[in-house]
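Participant: Right, I'll just put the structure down here and ask away after.
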Amino acid sequence: MDAGCGPGLYLTELIARGADAIGFDQSADMVRHARRRLGPAVPVRRHDLDEPLDWLPDATIDLILATLVIHYVHDRVAALRELHRVLRPQGRLVLSTSHPAADWLADGGSYFDARHVDETWSCGLLHRYWRQPLQHWVEEFTAADFTIEHLVEHRPVPEMAHRYPAEYAKFPGPVMAPEPGTARRSRTHPSHPLQGPRSDRPRSDRPTRRARQPPSGAR
311 MDAGCGPGLY LTELIARGAD AIGFDQSADM VRHARRRLGP AVPVRRHDLD
361 EPLDWLPDAT IDLILATLVI HYVHDRVAAL RELHRVLRPQ GRLVLSTSHP
411 AADWLADGGS YFDARHVDET WSCGLLHRYW RQPLQHWVEE FTAADFTIEH
461 LVEHRPVPEM AHRYPAEYAK FPGPVMAPEP GTARRSRTHP SHPLQGPRSD
511 RPRSDRPTRR ARQPPSGAR
């Protein structure tokens, strides 16, 4: 399941690799684009992660993909608990968000600030997201009974040094890349979080906030 599928780019990849996938997004425009891209055979619906997944039974999904969407959710623990609920035992949640250090550098203040941030992109779009330190992200996954298995901090590809030399020199770490992690549905140890549940059998290249481009989303 692609949670926050946007125009269906990742759903397309999942299906091409043999997955039986479904998706959802809170944007009606993104749902329309995804349906146009994928056709009627792939279930894509409009749904907001701030609302319960009451249309999905417990333990029905093998893998959940959530790319660049969690920082838009108001009650992240509640949303993560819902994702945990629909995952089968030993299911996985693969999730990405902006690196907390990148949010801090963009917004200023203390790295340990936790608050909503409003940005206006070059296209005039108001972008509102949640920023917080890594410790708080981990605590939220733990509170939702996830066990974190894998945390990856991507680095820019070497080609970036030629196209964006100033940025590459300043941020040799995860500047423009999302921060992906994998969390497992916890069965007996509801303590560590960050790699997540499986999905209903998976069936966007959304630009990152660092690039100041509008986001997208699916299930």
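Position 161 of the sequence shown, counted from 1, bears residue number 471 in our numbering, the numbering being contiguous throughout.
Virtual Cβ for every residue (Gly too), placed ideally from N, Cα, C.
With a threshold of 8 Å on Cβ separation, who are the neighbours of Asp428 within its own chain once the five nearest residues in sequence on each side are excluded?
Facilitator: Leu436, His437, Arg438
Participant: Relative to the C-alpha of His446, which residue among Arg347, Ala411, Tyr478, Ala476 is closest?
Facilitator: Ala411
Participant: Please classify Val448: does DSSP put it in a helix, a strand, or coil?
Facilitator: helix
Participant: Leaving out five residues on either side along the sequence, give the residues of the same chain with a beta carbon under 7 Å from the beta carbon of Tyr474.
Facilitator: none
Participant: Tell me whether Arg402 is buried or exposed, calling it buried when 16 or more other Cβ atoms sit within 10 Å of its Cβ.
Facilitator: Its Cβ being crowded by 16 or more others within 10 Å, Arg402 is buried.
Participant: Judging by CA-CA distance, which residue of Asp330, Arg391, Pro317, Glu477 is the nearest neighbour of Glu361?
Facilitator: Arg391
Participant: Which residues mark the beginning and the end of the beta strand (DSSP E) in which Arg425 is found?
Facilitator: 425–430
Participant: Could you have a look at Asp312 and say whether DSSP puts it in helix, strand or coil?
Facilitator: strand
Participant: I need the boundaries of the alpha helix (DSSP H) containing Asp417, first residue and last residue.
Facilitator: Its alpha helix (DSSP H) spans residues 410–417.
Participant: Measure the C-alpha to C-alpha separation of Asp368 and Glu469 and round it to an integer number of angstroms.
Facilitator: 45 Å
Participant: Please list, in chain order, all residues of the same chain as Arg519 whose beta carbon is under 7 Å from its beta carbon, the five residues on each side excluded.
Facilitator: Residue placement at Arg519 cannot be trusted, given a pLDDT of 36 that sits under 50; what the coordinates show is reported in the next sentence. Within the same chain, Arg519 has close Cβ partners Ser408, His437, Tyr439.
Participant: Cα separation between Arg398 and Asp372?
Facilitator: 6 Å
Participant: Considering just the uninterrupted stretch of the alpha helix (DSSP H) at Ala376, what are its terminal residues?
Facilitator: Not the alpha helix (DSSP H): Ala376 falls in the beta strand (DSSP E), residues 371–377.
Participant: Is DSSP giving His437 helix, strand or coil here?
Facilitator: strand
Participant: Which residues does DSSP pair with Ile458 in a beta bridge?
Facilitator: Ala493
Participant: What do you get for Tyr421, buried or exposed, if any count of 16 or more other CB atoms within 10 angstroms of its CB means buried?
Facilitator: Counting Cβ neighbours within 10 Å, Tyr421 comes out exposed, since fewer than 16 surround it.
Participant: What do you reckon, are the CB atoms on Ser406 and Leu363 nearer than 7 Å?
Facilitator: Taking 7 Å as the Cβ cut-off, Ser406 and Leu363 do not qualify as a contacting pair.
Participant: Since Phe334 sits in a beta bridge, which residues does DSSP pair it with?
Facilitator: Ala313, Arg355
Participant: To which residues does DSSP link Leu397 through a beta bridge?
Facilitator: Ile371
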